[in-house]
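Chemist: One structure, as structure tokens, below. Some questions next.
Number of protein chains: 2
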Amino acid sequence: MNFTLKQLRYVEAAGRLGSIARAAEEMAISQSSITAAIDALEHSLDYDLFVRTPAKGIHATPPGLEALQMIRGFLNHSRHFEADLQSVGGDETGVVRIGCYGTAAPAFLPEILRAMKDRRPNITVDVLEGDMSSVVDFLRDGKADLSFTYEMGLDSGQQFEPLFNAPPYALISTDDPMSELPGVTYAQLSRKTMVMLDLPYARDYFSTLFSRRGLSPTVGHATRSADFARALVAGGFGYTILNIRPPEFDGDKSAYRALPILDETEAPIFGIATMRQTRQPRTVRAFIRTCIELRDAGAFDPLIVSAAPVSSAKKNINSPH
Amino acid sequence: MNFTLKQLRYVEAAGRLGSIARAAEEMAISQSSITAAIDALEHSLDYDLFVRTPAKGIHATPPGLEALQMIRGFLNHSRHFEADLQSVGGDETGVVRIGCYGTAAPAFLPEILRAMKDRRPNITVDVLEGDMSSVVDFLRDGKADLSFTYEMGLDSGQQFEPLFNAPPYALISTDDPMSELPGVTYAQLSRKTMVMLDLPYARDYFSTLFSRRGLSPTVGHATRSADFARALVAGGFGYTILNIRPPEFDGDKSAYRALPILDETEAPIFGIATMRQTRQPRTVRAFIRTCIELRDAGAFDPLIVSAAPVSSAKKNINSPH
DNA sequence: AAGCGGGGAAAAATGGTTTTATCTGTCCAT
DNA sequence: ATGGACAGATAAAACCATTTTTCCCCGCTT
Numbered sequence: 001m002n003f004t005l006k007q008l009r010y011v012e013a014a015g016r017l018g019s020i021a022r023a024a025e026e027m028a029i030s031q032s033s034i035t036a037a038i039d040a041l042e043h044s045l046d047y048d049l050f051v052r053t054p055a056k057g058i059h060a061t062p063p064g065l066e067a068l069q070m071i072r073g074f075l076n077h078s079r080h081f082e083a084d085l086q087s088v089g090g091d092e093t094g095v096v097r098i099g100c101y102g103t104a105a106p107a108f109l110p111e112i113l114r115a116m117k118d119r120r121p122n123i124t125v126d127v128l129e130g131d132m133s134s135v136v137d138f139l140r141d142g143k144a145d146l147s148f149t150y151e152m153g154l155d156s157g158q159q160f161e162p163l164f165n166a167p168p169y170a171l172i173s174t175d176d177p178m179s180e181l182p183g184v185t186y187a188q189l190s191r192k193t194m195v196m197l198d199l200p201y202a203r204d205y206f207s208t209l210f211s212r213r214g215l216s217p218t219v220g221h222a223t224r225s226a227d228f229a230r231a232l233v234a235g236g237f238g239y240t241i242l243n244i245r246p247p248e249f250d251g252d253k254s255a256y257r258a259l260p261i262l263d264e265t266e267a268p269i270f271g272i273a274t275m276r277q278t279r280q281p282r283t284v285r286a287f288i289r290t291c292i293e294l295r296d297a298g299a300f301d302p303l304i305v306s307a308a309p310v311s312s313a314k315k316n317i318n319s320p321h
Numbered sequence: 322m323n324f325t326l327k328q329l330r331y332v333e334a335a336g337r338l339g340s341i342a343r344a345a346e347e348m349a350i351s352q353s354s355i356t357a358a359i360d361a362l363e364h365s366l367d368y369d370l371f372v373r374t375p376a377k378g379i380h381a382t383p384p385g386l387e388a389l390q391m392i393r394g395f396l397n398h399s400r401h402f403e404a405d406l407q408s409v410g411g412d413e414t415g416v417v418r419i420g421c422y423g424t425a426a427p428a429f430l431p432e433i434l435r436a437m438k439d440r441r442p443n444i445t446v447d448v449l450e451g452d453m454s455s456v457v458d459f460l461r462d463g464k465a466d467l468s469f470t471y472e473m474g475l476d477s478g479q480q481f482e483p484l485f486n487a488p489p490y491a492l493i494s495t496d497d498p499m500s501e502l503p504g505v506t507y508a509q510l511s512r513k514t515m516v517m518l519d520l521p522y523a524r525d526y527f528s529t530l531f532s533r534r535g536l537s538p539t540v541g542h543a544t545r546s547a548d549f550a551r552a553l554v555a556g557g558f559g560y561t562i563l564n565i566r567p568p569e570f571d572g573d574k575s576a577y578r579a580l581p582i583l584d585e586t587e588a589p590i591f592g593i594a595t596m597r598q599t600r601q602p603r604t605v606r607a608f609i610r611t612c613i614e615l616r617d618a619g620a621f622d623p624l625i626v627s628a629a630p631v632s633s634a635k636k637n638i639n640s641p642h
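Protein sequence lines, in the order shown, are assigned to chains G and L. For the record, in the first sequence the residue sitting at position 15 is 15 according to our numbering, with numbers rising by one throughout. Throughout, our numbering is defined as the position within the second sequence, counted from one, plus 321.
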């Protein structure tokens with residue numbers, strides 16, 4: 001019954017930075033205080049958290065590593081607790097840290113952040129970007145309270161709140177006569193050169209769309225950036241397949257067009273993943289509530305390119321009003 | 322970012338006891354310190370937690386009540402966190418607080434507590450007894466980390482780990498010639514006088530056993546205590562129906578006998594209820610693990626009186642070895 | 001009205017952080 | 001090899017926050 005939150009914060013910083021000196025700097029405090037905190041905690045726990053290497057800093061022992069993990073979790077919890085306590089007296093206050101699948105971020109995050117700023121000005125939102133796999137890691141490690149991502153590839157122990165179906169569509173240069181069609185099929189696409197979005201889950205997903213139909217795409221370029229993929233399409237290097245309509249896309253005058261895919265396609269579901277918990281902090285619930293309100297108001301409809309009948313694992317959740 | 326665990330403990334005690342003076346006594350500290358802690362927290366939260374009535378103590382404001390609830394939760398979490406942190410370096414250490422359906426407690430708790438004492442001497446176990454409904458409240462309010470109870474009547478948001486099927490049996494005085502039979506039916510019983518265990522869920526359950534078959538029991542006495550019910554049976558005041566064989570029951574020489582019920586009966590499942598959580602504290606997991614080991618070793622088999630084929634909502638979980 | 005129980009407030013005492021200052025060991029560049 | 005830079009350890013002193021002490025006020029009871 002004798003540790004303080006301050007101690008834990010000092011120890012956590014030391015562990016994270018691998019240096020007492022840098023932890024002291026970050027905490028705006030003297031080295032001795034960090035040392036004292038570590039000593040006190042080690043003494044009360046009766047095992048060593050760090051090995052100190054003269055002139056080289058510190059690094060955690062195996063039990064220290066485990067302890068640090070737990071300390072991070074506890075400090076997180078404490079942060080949320082404080083915000084919740086603060087919120088009892090008035091408006092929701094605190095920080096929500098969100099993870100976001102980077103490729104999808106520019107398309108819808110600005111709108112959500114604006115809505116949050118309007119409706120809950122006292123909640124600040126920290127954004128972490130990453131690919132599909134790092135985004136679930138953020139959740140597991142407690143680096144993010146919630147993550148925007150596709151439903152596929154979530155851990156067990158994680159919950160999912162759907163926001164919209166995102167059927168794949170083809171982005172085709174206006175130089176290509178095919179771009180005048182009302183829609184295309186995978187068979188038609190497979191005869192053209194594809195610009196492949198080369199990211200952990202996306203890669204496999206796009207390949208599967210073709211292989212499931214006995215086709216295979218002709219990949220000309222591969223890139224990690226959706227922006228660059230669009231630029232390549234505009235430059236005439238082939239078509240690409242995406243799921244979310246880019247934000248600044250203005251239909252007719254640009255160098256490419258988004259064409260719905262006419263084949264019957266299962267649309268992946270994009271939404272909010274959280275750790276399964278008994279009780280979410282208020283701030284996080286407020287954030288999720290806001291997103292759901294936006295969804296129900298149809299705010300995400302413009303992100304979808306769809307013409308063909310859409311089938312989905314769940315019932316269609318777009319514009320349920 | 323400026324509250325301390327000490328503060329929270331002081332405030333919690335004050336709220337719980339409704340008196341700064343008594344909180345000071347409990348915490349073995351001066352009144353002024355408690356006052357200071359409350360003032361500091363109220364100031365940093367910017368709303369009042371308590372109204373002070375001169376000469377009458379304090380009581381929580383509505384937001385204060387909510388805050389206290391959250392503080393309790395956080396202190397709980399903190400207690401578990403400390404135990405977990407301590408345990409990283411060696412054996413599991415800490416406190417597990419269990420709730421137990423009082424009627425069932427004497428039959429199996431001693432064995433579990435002994436096993437825990439043997440295997441995890443550093444874990445102390447606090448026991449809270451109550452009826453079926455209070456036992457789930459313990460869980461919800463965080464007064465208990467886990468509860469022993471029947472599966473029926475759990476909240477959503479609670480998890481259940483089965484320990485054994487507990488089919489109802491009849492306890493009949495040896496003076497009654499019926500006690501010589503290998504078993505009885507509800508029809509036979511309904512013609513005799515019943516001693517009814519008069520507790521929240523049990524009451525309805527026992528009635529249903531009869532009414533489902535178009536019968537109704539003739540209730541002579543009703544009592545809240547299983548002990549007293551057995552004494553009444555021994556005294557010739559009728560039979561009773563129970564689910565768990567009493568611990569000191571020694572078959573032949575006593576004044577009553579346990580007879581299996583021959584009708585096809587659905588056996589309620591007795592086991593461990595916990596709040597559904599991402600991660601249980603180590604101590605709690607260690608406790609549950611021990612119970613499961615005992616179950617798998619058949620330690621709970623003697624608690625069951627059964628002869629008729631048992632059907633159960635789940636597959637039979639007794640002696641799965 | 002006096003006594004008691006309970007809370008508030010201010011000053012003094014205490015104790016625990018924090019800083020300052022100094023020391024030691026390792027690495028690295030000269 | 002040797003001096004300097006770097007990173008921590010340590011001890012004493014300064015500082016700050018908690019805690020105790022003391023005295024006060026209020027409202028109820030006798």
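Each residue gets a CB set at the ideal place from its N, CA and C atoms; glycine is no exception. Treat the numbers as computed from the prediction; the structure is a model and nothing was measured.
For the region 401-428 of chain L, which residues have a beta carbon sitting closer than 9 Å to at least one beta carbon of chain G?
Modeler: F402, E403, D405, L406, Q407, V409, G410, G411
Chemist: So, is the C-beta of E26/G closer than 8 Å to a C-beta in chain L?
Modeler: As a position in the first sequence, residue 26/G is number 26, starting the count at 1. No - not a single Cβ of chain L is within 8 Å of the one on E26/G.
Chemist: Tell me the DSSP secondary structure of Q601/L in three-state form.
Modeler: Counting from one through the second sequence, the residue named residue 601/L turns up at place 280. Correct three-state label for Q601/L: coil.
Chemist: Quick one, which residues of the region 45-73 of chain G are near chain L if we go by CB-CB under 7 Å, in chain order?
Modeler: Within the region 45-73 of chain G, the residues whose Cβ lies closer than 7 Å to some Cβ of chain L are L45, D46, Y47, P63, E66, A67, M70, listed in chain order.
Chemist: Checking contacts by CB at 8 Å: is H221/G closer than that to chain L?
Modeler: The sequence position of residue 221/G within the first sequence is 221, counting from 1. For H221/G, the answer is no, since every Cβ of chain L falls outside 8 Å of its Cβ.
Chemist: Between which two residues does the beta strand (DSSP E) containing Y577/L stretch?
Modeler: Reading the second sequence from its first residue, position 256 is the one you call residue 577/L. Run containing Y577/L: 577-581, per the beta strand (DSSP E) assignment.
Chemist: Per DSSP, T124/G forms a beta bridge with which residues?
Modeler: Position 124 of the first sequence, counted from the first residue, corresponds to residue 124/G. Note: T124/G sits in a beta bridge opposite V95/G.
Chemist: Indicate the three-state DSSP secondary structure (helix, strand or coil) for F3/G in the structure shown.
Modeler: Numbered from 1 along the first sequence, position 3 holds the residue referred to as residue 3/G. Residue state, collapsed to three classes: coil.
Chemist: Report, in whole angstroms, the separation of the C-beta atoms of I419/L and F481/L, which I expect to be a contact under 8 Å.
Modeler: Numbered from its first residue, the second sequence carries residue 419/L at position 98. Numbered from its first residue, the second sequence carries residue 481/L at position 160. Contact between I419/L and F481/L does not hold, since the beta-carbon distance rounds to 15 Å and is not under 8 Å.
Chemist: Quick one: what's got a C-beta closer than 8 Å to Q352/L's C-beta in the same chain, skipping five residues either side?
Modeler: Locating residue 352/L in the second sequence gives position 31, where the first residue counts as 1. Answer for Q352/L: I341, A342, A345, listed in chain order.
Chemist: Going along the chain, which residues of its own chain have a beta-carbon closer than 6 Å to the beta-carbon of I392/G, five neighbours each way excluded?
Modeler: Residue 392/G lies beyond the stretch modelled for chain G, which goes from 1 to 321, so this question has no answer here.
Chemist: By a C-beta neighbour count over all protein chains shown, 10 Å radius and 16 as the cutoff for buried, is M275/G buried or exposed?
Modeler: Stepping through the first sequence from its first residue, residue 275/G is reached at position 275. Its Cβ being crowded by 16 or more others within 10 Å, M275/G is buried.
Chemist: Can we count Q69/G as close to the ligand ZN, meaning its CB is less than 7 Å from some heavy atom?
Modeler: Summarising the ligand content, the structure contains no ligands, and the ligand ZN is consequently not present.
Chemist: Going by the DSSP bridge assignment, what does M116/G pair with across the sheet?
Modeler: To locate residue 116/G, count along the first sequence from 1; it is residue 116. The partner list for M116/G (beta bridge, DSSP) is empty, contrary to what the question assumes.
Chemist: Quick one: residues in its chain with C-beta nearer than 8 Å to the C-beta of D405/L, no 5 flanking neighbours on either side, listed in chain order?
Modeler: Numbered from its first residue, the second sequence carries residue 405/L at position 84. Answer for D405/L: G415, P602, R603, T604, listed in chain order.
Chemist: With a floor of 3 residues, list each beta strand (DSSP E) that falls wholly inside the region 167-198 of chain G, ordered by position along the chain.
Modeler: 169-173, 193-197
Chemist: So the candidates are L75/G, N76/G, D145/G; which of them puts its Cα closest to the Cα of C100/G?
Modeler: Position 100 of the first sequence, counted from the start, is the residue given in the question as residue 100/G. The residue with the shortest Cα to Cα distance from C100/G is D145/G.
Chemist: Determine, using beta carbons only, whether L338/L comes closer than 8 Å to chain G.
Modeler: The residue you call residue 338/L lines up with position 17 of the second sequence. L338/L does not count as touching chain G.
Chemist: Specify whether the region 112-123 of chain G and the region 50-68 of chain G touch according to this definition: at least 3 beta carbon pairs, one from each stretch, less than 8 Å apart.
Modeler: no
Chemist: For H660/L, return the contacting residues in chain G, with the cut-off set at a CB-CB distance below 8 Å.
Modeler: This structure cannot settle anything about residue 660/L, because the visible part of chain L is limited to 322 through 642.
Chemist: Please report the distance separating the alpha-carbon of S633/L from that of A588/L.
Modeler: Residue numbering aside, residue 633/L sits at position 312 when the second sequence is read from its first letter. Residue numbering aside, residue 588/L sits at position 267 when the second sequence is read from its first letter. Because the pLDDT of S633/L is 43, which lies under 50, any placement of that residue in the model is unreliable, and the question is left without a value.
Chemist: What does DSSP give as the partner residues of A381/L in its beta bridges?
Modeler: The residue labelled residue 381/L in the question sits at position 60 within the second sequence. Answer is F371/L.
Chemist: Counting only Cβ pairs nearer than 9 Å, list the residues of chain L close to T274/G.
Modeler: Here residue 274/G is taken as the residue at index 274 of the first sequence, counted from 1. Residues of chain L passing the Cβ test: none, with the nearest at roughly 10 Å.
Chemist: Comparing C-alpha positions only, which one of L215/G, G271/G, L209/G sits nearest to L242/G?
Modeler: For this step, residue 242/G is matched to residue 242 along the first sequence. For L242/G, the nearest C-alpha among the options comes from L209/G.
Chemist: I'd like to know whether the C-beta of L326/L is nearer than 8 Å to at least one C-beta of chain G.
Modeler: Residue 326/L sits at position 5 when you count from the first residue of the second sequence. So, interface residue.
Chemist: Starting from M275/G, follow the beta strand (DSSP E) in both directions and report where the run begins and ends.
Modeler: For the purposes of this step, residue 275/G is taken as residue 275 along the first sequence, with counting starting at 1. Annotation for M275/G: the continuous beta strand (DSSP E) segment containing it runs 269-275.
Chemist: For G336/L, is the classification buried or exposed, using 16 other Cβ atoms within 10 angstroms of its Cβ as the cut-off for buried?
Modeler: Indexing the second sequence from 1 puts residue 336/L at position 15. Classification of G336/L: buried, given that the 10 Å Cβ count is 16 or more.
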